[in-house]
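At the far end of the sequence shown sits residue 593, using my numbering, and the numbering has no gaps.
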Amino acid sequence: MSDYSVLLLAYGQSNADLYPSIPALPCPAFDDPRIVTFDDGNAFRGLLGAVAKQPPTALVPAAAASYETKKCRDYQSFQIAAAARLLRERGVNAPHRVIVRAEGRGGRRFHGIISKKGQHVEGILNNADGSDSQILLNMFQTIRQAAELAAGQGAPLRRVIVNFLHGEADRSTETAQYRDNLLTLISRTEEVTQAFGLATDWLILDPAGTSITGSGNSWPCRLAMRDVADATANVHLIGAGYGYPLDDVIHYGSEARALFGEHFGLAAAELLARADGGKTDDGWLLDAPGIRRAVFHGNAVDLHLDGTRHFELVPGISDPNLTVEGFAATIHSRCRVIAAEQTGPRSVRVTLDGTPYDNPRAALTYAYQMVHREDARLDTPMPAGRGGWRSVRAMDSMVLPGRRIHQWVPGFSIPFAEMEQG
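Below you can see the structure in the form of structure tokens.
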């Protein structure tokens with residue numbers, strides 16, 4: 172066993188381990204005493220944007236601490252699932268402790284606003300006046316306290332892995348603005364971690380969007396997450412959330428949290444393996460593929476994923492009332508997708524019923540769908556804007572026997588005018 176600690180820090184809004192997802196699933200691995208949290212009575216959910224009443228004095232087993240507080244009792248934590256999977260994957264090379272903690276608040280954008288009623292609503296980055304929000308200050312304080320407590324208990328903190336789940340409140344924010352906000356958050360956070368000599372990584376799950384009762388998932392912020400991950404070495408877009416069921420219009424349920432929590436843990440295990448000069452057999456789960464080439468010819472588009480892993484387009488997963496296997500053309504295209512078929516281990520051909528209109532907003536989308544009130548929809552707990560493009564290979568869940576963890580291709584929107592002409 173190694174003599175260092177790792178902090179898994181969930182950040183964002185309600186899906187970042189803040190939503191009270193019932194029930195807490197039974198799994199002996201969750202009781203591993205190496206999975207720890209603060210003893211301040213807030214356990215894995217953190218301060219939820221409040222000012223701390225008292226500082227933590229020790230790192231204690233997370234499962235017991237969570238059960239002992241009403242704030243966390245009976246709720247499923249995706250980070251505890253991530254920590255359990257991380258410890259299993261690293262085996263004898265596992266950290267001495269994995270600290271789990273969330274800081275964030277439900278329904279919060281990056282920037283604070285003043286509501287129509289005159290109420291100041293903080294953001295996860297700042298307040299309406301531009302000052303640092305309490306949510307952000309809590310995140311920074313968590314990093315400092317984790318470093319101090321870990322050192323005091325004999326296993327110094329070496330790495331902070333920020334598990335970022337956000338986007339719902341910023342669904343209408345333009346891509347460029349959201350990208351700048353996320354880069355600012357990353358930069359500000361690294362000012363804190365670097366002061367303690369800590370390595371920092373960011374793991375992002377592409378937001379699922381809403382259930383059938385919501386407006387879908389055609390959110391520009393999702394495209395910004397891909398941009399930041401592609402351009403930043405320590406930021407990884409690990410997959411998409413549309414492959415998991417929702418508990419209500421926008422929150423993941425307990426089973427979803429356990430499953431994608433394991434995915435976060437597998438990705439974190441790869442980060443630690445690389446830091447030790449090695450790699451895991453499941454390192455492909457760290458970075459979800461994007462579109463390497465989009466070739467437009469006739470009335471068809473050939474899409475090719477980057478990477479080497481095989482991905483399959485599974486028929487019947489998407490809602491046929493809304494898309495064709497997850498694919499659609501924007502209304503500005505003045506044409507429709509009529510077919511989508513697998514053409515290679517990482518390739519799909521999408522066929523249109525006509526030539527797209529010459530409009531800069533004419534685009535081909537995948538798992539990036541707006542839902543209108545009048546649209547017919549299947550009655551299902553799955554996200555409305557889902558698709559069926561996923562990894563052929565999958566990992567067996569250690570929490571839910573018989574369930575498998577795939578990597579889902581994150582949603583995208585590609586203007587026809589920017590495609591390669593074939």
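A virtual CB, placed ideally from N, CA and C, is assigned to each residue, including glycine. Note that this is a predicted model, so its numbers are computed, not measured.
Under DSSP, Leu-180 shares a beta bridge with Arg-272, Val-333. DSSP places Glu-512 inside the beta strand (DSSP E), whose first and last residues are 508–515.
Pairing Cys-198 with Val-570 gives a Cβ-Cβ distance under 7 Å. Non-local beta-carbon contacts of Ile-314 in its own chain, meaning distances under 8 Å to residues more than five positions away in sequence, involve Leu-178, Leu-180, Val-331, Thr-360, Val-363, Thr-364, Phe-367, Leu-369 in chain order. Between Leu-189 and Gly-278, the C-beta gap is not smaller than 7 Å, which leaves the two residues out of contact.
CA-to-CA, the gap between Ser-504 and His-475 works out to about 21 Å. Residue environment for His-291: exposed (fewer than 16 other C-beta atoms within 10 angstroms of its C-beta).
Distance from the CA of Asp-524 to the CA of Tyr-537, rounded to the nearest whole angstrom, comes to 17 Å. A distance of 7 Å or more separates the beta carbons of Arg-280 and Gly-301. In the DSSP assignment, Ser-389 falls outside any beta strand (DSSP E) and carries neither an H nor an E.
Counting along the chain, Phe-311 sits inside the alpha helix (DSSP H) bounded by residues 305–323. In the assembly as shown, Asp-418 is a buried residue. Its beta-carbon has 16 or more other beta-carbons within 10 Å. Here Arg-520 is bridged, per DSSP, to Asp-473, Glu-512.
Bounds of the alpha helix (DSSP H) holding Thr-346 are 346–366. The Cβ atoms of Ser-185 and Ala-214 lie no closer than 7 Å to each other. Under the 8 Å Cβ criterion, the region 383–398 does not count as touching the region 514–531, having fewer than three qualifying pairs. In this structure, DSSP gives Phe-498 an extended state, which the three-state scheme calls strand. Rounded to whole angstroms, the separation of the alpha carbons of Ala-459 and Asp-377 is 10 Å.
Between the C-alpha atoms of Leu-219 and Ile-383 there is a straight-line separation of about 28 Å. Separation of Asn-470 and Leu-535 (C-alpha to C-alpha, rounded to the nearest whole angstrom) is 12 Å.
A Cβ-Cβ distance of about 11 Å is found for the pair Gly-559 and Pro-491, leaving them out of contact under the 8 Å criterion.
Burial check for Ile-193: the Cβ neighbour count within 10 Å stays below 16, so the residue is exposed.
Membership of Arg-256 in the alpha helix (DSSP H) is indicated by the continuous run 249–261. Within the DSSP secondary-structure output, Val-563 pairs in no beta bridge.
Secondary structure note for Tyr-537: its beta strand (DSSP E) is the uninterrupted segment 534–537. For secondary structure counted as the beta strand (DSSP E) over 3 or more consecutive residues, the region 380–463 holds these complete runs in sequence order: 406–411. Taking Tyr-413 as the centre and dropping the five residues before and after it, the same chain places the C-beta of Ala-379, Ala-538, Pro-554, Arg-557 closer than 6 Å to its C-beta, in chain order. Taking every protein chain shown into account, the CB of Gln-592 has fewer than 16 other CB atoms within 10 angstroms, so this residue is exposed. Considering only Gly-262, Arg-259, Gln-250, the residue with the shortest C-alpha distance to Val-271 is Gln-250.
DSSP lists Val-292 as the bridge partner or partners of Ile-284. In the DSSP assignment, no residue is bridged to Ala-265.
Residue pairing of Ala-370 in beta bridges, as defined by DSSP: Arg-330. One thing to note: Phe-482 has its Cβ within 7 Å of the Cβ of Ser-562. Counting along the chain, the unbroken beta strand (DSSP E) around Ser-584 starts and ends at 583–586. By the beta-carbon neighbour count (other beta carbons within 10 angstroms, threshold 16), Val-399 is buried. When secondary structure is reduced to three states using DSSP, Pro-204 falls in the coil class, being assigned neither helix nor strand.
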